[in-house]
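Asker: Questions regarding the structure given below will be posed in turn.
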Amino acid sequence: MEKNTMQNKKKIIGLVILLVPIFLLPGCSSTQKPGELDVDSAAVDRQQNDPVAKRFYEPDPESPTVVESAMKLSGEYARLTREAAQLRQQNEDFIAKNRQLNEQVVSLDAQLQQAQKELAEANNLLIEMRVELNNWKADILGFRDEMRNAETAQLETLLRILKVLGGQVTTESARAENASTVGSAVASSNKPDRP
């Protein structure tokens, strides 16, 4: 412990020795005379023309009085208050109209979605109907061909029956028979050939 106190004393003495010259040096400096104050006359004139400096003087007779200024400011305040109220009312009207238009947009959007859905369904139905119509046309045309083939086979059979029964068939009548309808073929086959 004695070593620590000795070391502490040495440190304190070293610090005091270092700090003493620092404190003594500024105290040894020579004194100077105070400098003269140089006042600019233009700055003094400017300062006298300053409105703050004029506040203690009487106002010019042409300038408005405090009451007149207050009345003027009060009138401007009233006008601006009315304008602000009008603008506030316009803003509220715009907000209400905007809200109404938004509600219309929502309802019209729902109607548009429904109409688009119905149009898509109608379009699909028309496409299906067109496909069925085309199939029906193809069936009818195919049926016509089948009917023609059946009628031709029927006429050929009738001609053979006529030949078997002993009827006389010429090539002209055969062509006419082929070209005629089923009814005319039946009518000609019912007529017996008598000598």
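Using the numbering used here, read the sequence shown as starting at 15 and increasing by one per residue. All C-beta atoms, glycine included, are put in the ideal place defined by N, C-alpha and C.
In whole angstroms, give me the CA-to-CA distance for V34 and N22.
Answerer: Reading the sequence shown from its first residue, position 20 is the one you call residue 34. Reading the sequence shown from its first residue, position 8 is the one you call residue 22. About 18 Å.
Asker: When we look at the beta-carbon of L32 and count the other beta-carbons within 10 Å, is it buried (16 or more) or exposed?
Answerer: Position 18 of the sequence shown, counted from the first residue, corresponds to residue 32. So L32 ends up on the exposed side.
Asker: Tell me whether P35 sits in a helix, a strand or coil according to DSSP, three-state version.
Answerer: Counted from its first residue, the sequence shown places residue 35 at position 21. Here P35 sits in helix by DSSP.
Asker: Would DSSP call S83 helix, strand or coil?
Answerer: On the sequence shown, position 69 is the one that residue 83 refers to. Residue state, collapsed to three classes: helix.
Asker: State the DSSP-derived secondary structure class of Q182, mapped to helix, strand or coil.
Answerer: To locate residue 182, count along the sequence shown from 1; it is residue 168. Coil, per DSSP.
Asker: What's the C-alpha gap between N149 and Q168?
Answerer: Locating residue 149 in the sequence shown gives position 135, where the first residue counts as 1. Locating residue 168 in the sequence shown gives position 154, where the first residue counts as 1. About 28 Å.
Asker: Using a 10 Å radius around the Cβ and a threshold of 16 neighbouring Cβ atoms, would you call A199 buried or exposed?
Answerer: Stepping through the sequence shown from its first residue, residue 199 is reached at position 185. Here A199 scores only 45 on pLDDT, less than 50, and its place in the model should not be relied on; the value that follows carries that caveat. Classification for A199: buried.
Asker: So what does DSSP say about S77, is it helix, strand or coil?
Answerer: Walking along the sequence shown from the start, residue 77 turns up at place 63. Coil at S77, not helix or strand.
Asker: Apply the 10 Å Cβ neighbour rule to L179 and answer buried if 16 or more other Cβ atoms are within range, or exposed otherwise.
Answerer: Start at 1 with the first residue of the sequence shown, and residue 179 comes out as number 165. Flag for L179 reads exposed.
Asker: Taking the C-alpha atoms as reference points, what is the distance between L140 and A99?
Answerer: Sequence index remark: in the sequence shown, residue 140 carries index 126 (1-based). Sequence index remark: in the sequence shown, residue 99 carries index 85 (1-based). Computed Cα separation, rounded: 60 Å.
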